[in-house]
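In the working numbering, the protein residues as written are 301 to 1069. Glycine included, each C-beta is placed from N, C-alpha and C at the ideal position. Predicted model only: the values in this text are computed from it and were never measured.
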Amino acid sequence: MARHCIIVESPSKAKTIGKYLGKDYRILATVGHIRDLPKKDLGIDTAHRFEPKYVAVPGKKDVIMNLKKAVQDAKDIFIATDPDREGEAIAWHVAQILDLDPSAVKRVAFHEITKNAVLEALAHPVPVNLELVNAQQARRVLDRLVGFELSPLLWRKIKPSLSAGRVQSVAVRLIVEREAEIESFAAESAYRVAARFLPADAEGKTEINAELPKRFKEENKAEAFLESCRTAAFLVDDVEKNKAKKQAPPPFTTSTLQQEAGRKLRFSVSQTMMLAQKLYEDGHITYMRTDSLNLSSLALAMIKAQIVEMFGEAYSHPRKFKTRSKGAQEAHEAIRPTDMHLSEAGDNKNVRSLYRLIWKRSMASQMAAADVERTKVRIRNDKNTELLEAKGEVVTFPGFLKVYQQDEDKENLLPALKKEDKLTLIEMEAVEKFSQPPARYSEPALVKKMEELGIGRPSTYAPTISTIQKRGYVEKGDKAGEAREYRRLLLKDGRISAETLSEVANAAKARLYPTDTGRVVNRFLTEYFEDIINYNFTAGIEQDFDDIAEGKREWHAMIREFYDPFHARIEQNFDNKTNFRGERLLGTDPVSGKNVYAKIGRFGPIVQLGEVQSKEKPRFAGLKDDQRLDTLTLKEALELLAYPKEIGNYEGSPLTVAVGRYGPYIKHKSTFYPIPANQDIAAVDLEHAIALIGTAREKESNKLIRDFPEEKIKVLNGRYGPYIAHAGKNYRIPKNTDAEKLTADNCREIIRQAPEKDHKRSSARRKKK
DNA sequence: CAGTGAGCGAGCTTCCGCTTGACTT
301 MARHCIIVES
311 PSKAKTIGKY
321 LGKDYRILAT
331 VGHIRDLPKK
341 DLGIDTAHRF
351 EPKYVAVPGK
361 KDVIMNLKKA
371 VQDAKDIFIA
381 TDPDREGEAI
391 AWHVAQILDL
401 DPSAVKRVAF
411 HEITKNAVLE
421 ALAHPVPVNL
431 ELVNAQQARR
441 VLDRLVGFEL
451 SPLLWRKIKP
461 SLSAGRVQSV
471 AVRLIVEREA
481 EIESFAAESA
491 YRVAARFLPA
501 DAEGKTEINA
511 ELPKRFKEEN
521 KAEAFLESCR
531 TAAFLVDDVE
541 KNKAKKQAPP
551 PFTTSTLQQE
561 AGRKLRFSVS
571 QTMMLAQKLY
581 EDGHITYMRT
591 DSLNLSSLAL
601 AMIKAQIVEM
611 FGEAYSHPRK
621 FKTRSKGAQE
631 AHEAIRPTDM
641 HLSEAGDNKN
651 VRSLYRLIWK
661 RSMASQMAAA
671 DVERTKVRIR
681 NDKNTELLEA
691 KGEVVTFPGF
701 LKVYQQDEDK
711 ENLLPALKKE
721 DKLTLIEMEA
731 VEKFSQPPAR
741 YSEPALVKKM
751 EELGIGRPST
761 YAPTISTIQK
771 RGYVEKGDKA
781 GEAREYRRLL
791 LKDGRISAET
801 LSEVANAAKA
811 RLYPTDTGRV
821 VNRFLTEYFE
831 DIINYNFTAG
841 IEQDFDDIAE
851 GKREWHAMIR
861 EFYDPFHARI
871 EQNFDNKTNF
881 RGERLLGTDP
891 VSGKNVYAKI
901 GRFGPIVQLG
911 EVQSKEKPRF
921 AGLKDDQRLD
931 TLTLKEALEL
941 LAYPKEIGNY
951 EGSPLTVAVG
961 RYGPYIKHKS
971 TFYPIPANQD
981 IAAVDLEHAI
991 ALIGTAREKE
1001 SNKLIRDFPE
1011 EKIKVLNGRY
1021 GPYIAHAGKN
1031 YRIPKNTDAE
1041 KLTADNCREI
1051 IRQAPEKDHK
1061 RSSARRKKK
């Protein structure tokens, strides 16, 4: 029997809809885009009307074949890809591939995935919106032109395999500029006065923590203030009470989920997305790549019921949130559990804790605001005119705080006080406090910033962050922090003492740092293509895309206007042969008299001794991980150039210490022995080297489990356990096999039975050699 | 893995945004 055919993007969505609609409907998924520009060529006719050449997305042949087969005997074909720009384009490509007339296609939009919403949508099909499709084509073509013309320029000017693009280059810029702000930051210090009191006549032992709003720049001023307080009597000057509300947070979008999972659970952006994907595929949450704060009516009712059941009517406050982020397309709902009764879900710890977070946030978003009472107590004394202030905060109605706490929601209790109450000073201190430099971006903080700028989409935040790290523009790392001394003056028992203490300042975990390559690439783009990496570039062209989508503008003309001046600058830069490698002359080598430079080399930052153009070829050495192009000294450069260095003889052959691609190593009789990373290579002498070789040889002998020299078969201990090596290939040993007891025959059998693998990865690697 | 960095010239690299599996000797 012929069935209705519905085409969606996500296989999970197809499954869900299938459950609602039953046997009369057949639901197929495109699994994302099915056609795109070719992977290798530009695929755009820039000489004419930027005609794009579309090819099937690699690996999508099966999907396309299934679509073609399914529609042959279909009663109706509904294209229900996501209701946004990309979804409209997918709908159009589907129509093209299926040879359907776009104006006759039944395009439907599911704004929420509930039975009623789906049936309602199916009842109101519309044609494909070609203007919206054109806006997507313009977006696609512009991104391809920028990426595929800028990147080759970088290969030529800086080094191979680099990349640039509308989104990634701005992300790198943000990180480079933040680092520059930190570098130019000069910490200032001032003395902060804090005091602890007890009510003079109260039985209660609740302390009052007060602070002086004013800070003292100089220590003697702070000391003079403490001195004046030494014999002072303290009184409550006045008590001010204010009622305030803390508003419930909106439900999660991709960006806010990444931020909160990072802050509360310490997940990286990609980790959060992988865990969320799992919850989505298991049907526990709605779609996790979304910029919408919208909750379906079904969801609102379900959340409300859950709140009322758990906390009572007073805690329910249903509401809809409006999206504030730039360029939001809102094709999906906010991220929420599919079933609010399920307060826990997932089959491992991390999945479960992410689900809990989503569940709590969804609850909180529909709960009442919290009522807090803030108290400010001013404290005067009889020896000077300054007022100290103590602040208290009490939650009088928790509202959403019942389920969702922010870190800053700490209560601070103050004892009951009234005007003119006497206070007893326990102690008062003046501590030198330093101003904080701007914080380096964490991954979620970078996503937040990108979202604010309207750069990137929920589906690309995580991949973009991994791209800029893969290209070597940015590294994620911890910083131990610097030890810093500060002064503390203490007034206690009528005496003032002073001491110098030490603290660790500015330690941070998992932050993003620019590399030398990232800085140089950014410098180049800033100098020649500032308009592309300008923070407003995307916002500007998004306006153009909107105009195209509304039929107010023609897309070829828009791209032409952008492309001609852009391409002219690309050509101009290609024509002048000068490199852009951040080269810096450090000085001259006192031994050879040659110049010493620091610059970006083929594989990263290097130092160079001598001239590239000279007959005698220059010598090179890579920088160490903690060294930087901009700050490297001549002395450090000469130390790097001291290798390879012969340090003596062993077993009749010379021993050489050198630094290569994978770090420092010792070379002996054409064998390489890596030097451990924590070891200073300057300290590696003959004795050291011999010891290192000894342990390396011992380890090597442990690696070999069985050896069958006639068959050229070895059983070795590897990273993933024992395996068989033969003729340049490795073979997995079947489970429950004792590797120690394998015979040559066993091994031959395993090799014979090994499945013939011919996947792309290994063939690509072979090609490389 | 393989221990570079010039230059020669071959062949390669590269974008953003939509969606999931493979595949971990």
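Checklist entry - So, helix, strand or coil for Thr572, using DSSP? => result Looking up residue 572 in the first sequence gives position 272. Reduced to three states, the DSSP call for Thr572 is helix.
Checklist entry - Starting from Asn895 and walking both ways along the beta strand (DSSP E), at which residues does that stretch end? => result Working through the first sequence from its first residue, we reach residue 895 at position 595. Per DSSP, Asn895 belongs to the beta strand (DSSP E) from 895–901.
Checklist entry - Secondary structure at Ile975, three-state DSSP: helix, strand or coil? => result For the purposes of this step, residue 975 is taken as residue 675 along the first sequence, with counting starting at 1. If DSSP states are grouped into helix, strand and coil, Ile975 belongs with coil.
Checklist entry - Just curious, the beta strand (DSSP E) that His304 is in, first and last residue? => result Translated into positions along the first sequence, residue 304 becomes position 4. Start and end: 304–308.
Checklist entry - Taking all protein chains shown into account, do 16 or more other C-beta atoms lie within 10 angstroms of the C-beta of Lys1068, making it buried, or fewer, making it exposed? => result Within the first sequence, residue 1068 is the residue found at index 768, counting from 1. Residue placement at Lys1068 is poorly supported in this model, since its pLDDT is 33, which falls under 50; the coordinates are not used for a value here.
Next on the checklist: For the beta strand (DSSP E) containing Ala730, name the first residue and the last one.
Outcome noted: Here residue 730 is taken as the residue at index 430 of the first sequence, counted from 1. It spans 722–734 - the beta strand (DSSP E) in which Ala730 sits, taken as one unbroken run.
Checklist entry - In chain order, what residues of the same chain have a beta carbon less than 6 Å from the beta carbon of Gly318, not counting five sequence neighbours either side? => result In the first sequence, counting from the first residue as 1, residue 318 sits at position 18. The answer, listed in chain order, is Ile327.
Item to check | Nearest neighbour of Val426, chosen from Pro402, Ala417, His411 [CA to CA] | outcome: Translated into positions along the first sequence, residue 426 becomes position 126. Nearest C-alpha to Val426: Pro402.
Checklist entry - How about Glu924 and Leu940: are their beta carbons less than 9 Å apart? => result As a first step, residue 924 is located in the first sequence; it is residue number 624 there, counting from the start. As a first step, residue 940 is located in the first sequence; it is residue number 640 there, counting from the start. First, the residue type needs correcting, since residue 924 is Lys and not Glu in the sequence shown. In this structure, the beta-carbon distance from Lys924 to Leu940 falls below 9 Å.
Next on the checklist: Determine whether the beta carbon atoms of Ala849 and Leu432 lie at a separation below 9 Å.
Outcome noted: For this step, residue 849 is matched to residue 549 along the first sequence. For this step, residue 432 is matched to residue 132 along the first sequence. Their beta carbons are under 9 Å apart, which means Ala849 touches Leu432 by this criterion.
Checklist entry - Does DSSP put Thr696 in a helix, a strand or coil? => result Within the first sequence, numbered from 1, the residue matching residue 696 stands at position 396. Three-state DSSP puts Thr696 in a strand.
Next on the checklist: Please tell me whether Ile397 and Ile334 are closer than 9 Å, where the distance is taken between their beta carbons.
Outcome noted: Against the first sequence, residue 397 aligns to sequence position 97. Against the first sequence, residue 334 aligns to sequence position 34. Cβ atoms of Ile397 and Ile334: closer than 9 Å.
Checklist entry - Measuring CA to CA, which of Val467, Leu934, Asp501 is closest to Phe534? => result Reading the first sequence from its first residue, position 234 is the one you call residue 534. Nearest C-alpha to Phe534: Asp501.
Checklist entry - Taking three-plus beta-carbon pairs below 8 Å as touching, is the segment 647–655 in contact with the segment 665–674? => result no
Next on the checklist: According to DSSP, Phe552 sits in a beta bridge with which residue or residues?
Outcome noted: Counting from one through the first sequence, the residue named residue 552 turns up at place 252. In the DSSP output, where bridge partners are listed per residue, Phe552 has Ile635.
Checklist entry - So, using beta-carbon positions, are Tyr813 and Gly777 closer together than 9 Å? => result Within the first sequence, numbered from 1, the residue matching residue 813 stands at position 513. Within the first sequence, numbered from 1, the residue matching residue 777 stands at position 477. Inclusion of Tyr813 and Gly777 in the CB contact set at 9 Å is warranted, their separation being smaller than that value.
Checklist entry - Do the segment 819–833 and the segment 450–469 touch if we need at least three Cβ pairs shorter than 8 Å? => result yes
Item to check | Rounded Cβ spacing between Ala805 and Glu782 (contact assumed at less than 8 Å) | outcome: Here residue 805 is taken as the residue at index 505 of the first sequence, counted from 1. Here residue 782 is taken as the residue at index 482 of the first sequence, counted from 1. Yes, they are in contact, since the Cβ atoms of Ala805 and Glu782 sit about 6 Å apart, within 8 Å.
Next on the checklist: I need the DSSP call for Arg1065, collapsed to helix, strand or coil.
Outcome noted: Indexing the first sequence from 1 puts residue 1065 at position 765. With a pLDDT of only 34 at Arg1065, under 50, the local geometry of the prediction cannot be trusted, and the value read off the model is given with reservation. Arg1065 sits in a helix when the DSSP states are folded into three classes.
Checklist entry - Quick one, which of Ala314, Asp362, Thr346, Lys545 has its alpha-carbon nearest Thr381's? => result Within the first sequence, numbered from 1, the residue matching residue 381 stands at position 81. It is Ala314.
Checklist entry - Taking the alpha-carbon positions, what's the Gln872 to Ile900 distance? => result What you label residue 872 is simply residue 572 of the first sequence in a count that begins at 1. What you label residue 900 is simply residue 600 of the first sequence in a count that begins at 1. The alpha-carbon atoms of Gln872 and Ile900 are separated by roughly 22 Å.
Checklist entry - So, helix, strand or coil for Asp538, using DSSP? => result Against the first sequence, residue 538 aligns to sequence position 238. Here Asp538 sits in strand by DSSP.
Checklist entry - Is it buried or exposed for His584, if we count other Cβ within 10 angstroms and need 16 for buried? => result On the first sequence, residue 584 is found 284 positions in, with the first residue counted as 1. With 16 or more Cβ atoms within 10 Å of its Cβ, His584 is classed as buried.
Item to check | Identity of the residue in Ser662, Glu560, Glu644 nearest Ala605 by Cα | outcome: Position 305 of the first sequence, counted from the start, is the residue given in the question as residue 605. It is Ser662.
Next on the checklist: Suppose the cutoff is 7 Å on Cβ atoms and the five residues either side in sequence are ignored; what does the same chain contact list for Gly754 look like?
Outcome noted: Translated into positions along the first sequence, residue 754 becomes position 454. These residues qualify, in order along the chain: Lys626, Gly627, Thr838, Ala839, Glu842.
Checklist entry - Among the residues of its own chain, which have a CB less than 7 Å from the CB of Ala977, if the five just before and after it don't count? => result Against the first sequence, residue 977 aligns to sequence position 677. These residues qualify, in order along the chain: Gly963.
Item to check | Nearest-angstrom beta carbon gap, Ser592 and Glu560 [assumed within contact, 8 Å] | outcome: Your numbering for residue 560 matches position 260 in the first sequence. Your numbering for residue 592 matches position 292 in the first sequence. With a Cβ gap of about 17 Å, Glu560 and Ser592 do not count as contacting.
Next on the checklist: Quick check: the segment 610–624 against the segment 341–352, are at least 3 beta-carbon pairs closer than 8 Å?
Outcome noted: no
Next on the checklist: Within 10 Å of its beta-carbon, does Leu825 have 16 or more other beta-carbons around it, so buried, or fewer, so exposed?
Outcome noted: In the first sequence, residue 825 corresponds to position 525, counting from 1. Buried, since its Cβ has 16 or more Cβ neighbours within 10 Å.
Checklist entry - To the nearest angstrom, how far is it from the Cα of His968 to the Cα of Arg1048? => result By one-based count along the first sequence, residue 968 stands at place 668. By one-based count along the first sequence, residue 1048 stands at place 748. If I take the Cα positions, the gap works out to 35 Å.
Checklist entry - Taking Val984 as the reference, which of Leu1004, Tyr704, Val959 has the closest Cα? => result Position 684 of the first sequence holds residue 984. Looking at the Cα atoms, Val959 is the closest of the given residues.
Item to check | 6 Å CB neighbourhood of Val493 in its chain, flanking five on each side removed | outcome: Here residue 493 refers to the residue found at position 193 of the first sequence. Close CB contacts of Val493 within its chain, under the 6 Å cut and outside five residues either way in sequence, are with Leu512, Ala730 (chain order).
Checklist entry - Since Ala669 and Gly699 are thought to touch, with beta carbons under 8 Å apart, how far apart are those beta carbons, to the nearest angstrom? => result For the purposes of this step, residue 669 is taken as the residue at position 369 of the first sequence. For the purposes of this step, residue 699 is taken as the residue at position 399 of the first sequence. With a Cβ gap of about 5 Å, Ala669 and Gly699 count as contacting.
Next on the checklist: Taking only three categories from DSSP, how would you classify Tyr786?
Outcome noted: Indexing the first sequence from 1 puts residue 786 at position 486. Note: Tyr786 maps to strand in three-state DSSP.
Item to check | Contacts around Pro1034, its chain only, beta-carbon distance under 8 Å, and the 5 residues preceding and following it disregarded | outcome: Counting from one through the first sequence, the residue named residue 1034 turns up at place 734. Cβ neighbours of Pro1034 beyond the five flanking positions: Ile1050.
Checklist entry - With C-beta atoms as the reference, is Arg811 less than 9 Å away from Ser742? => result Reading the first sequence from its first residue, position 511 is the one you call residue 811. Reading the first sequence from its first residue, position 442 is the one you call residue 742. In this structure, Ser742 lies closer than 9 Å to Arg811 by Cβ.
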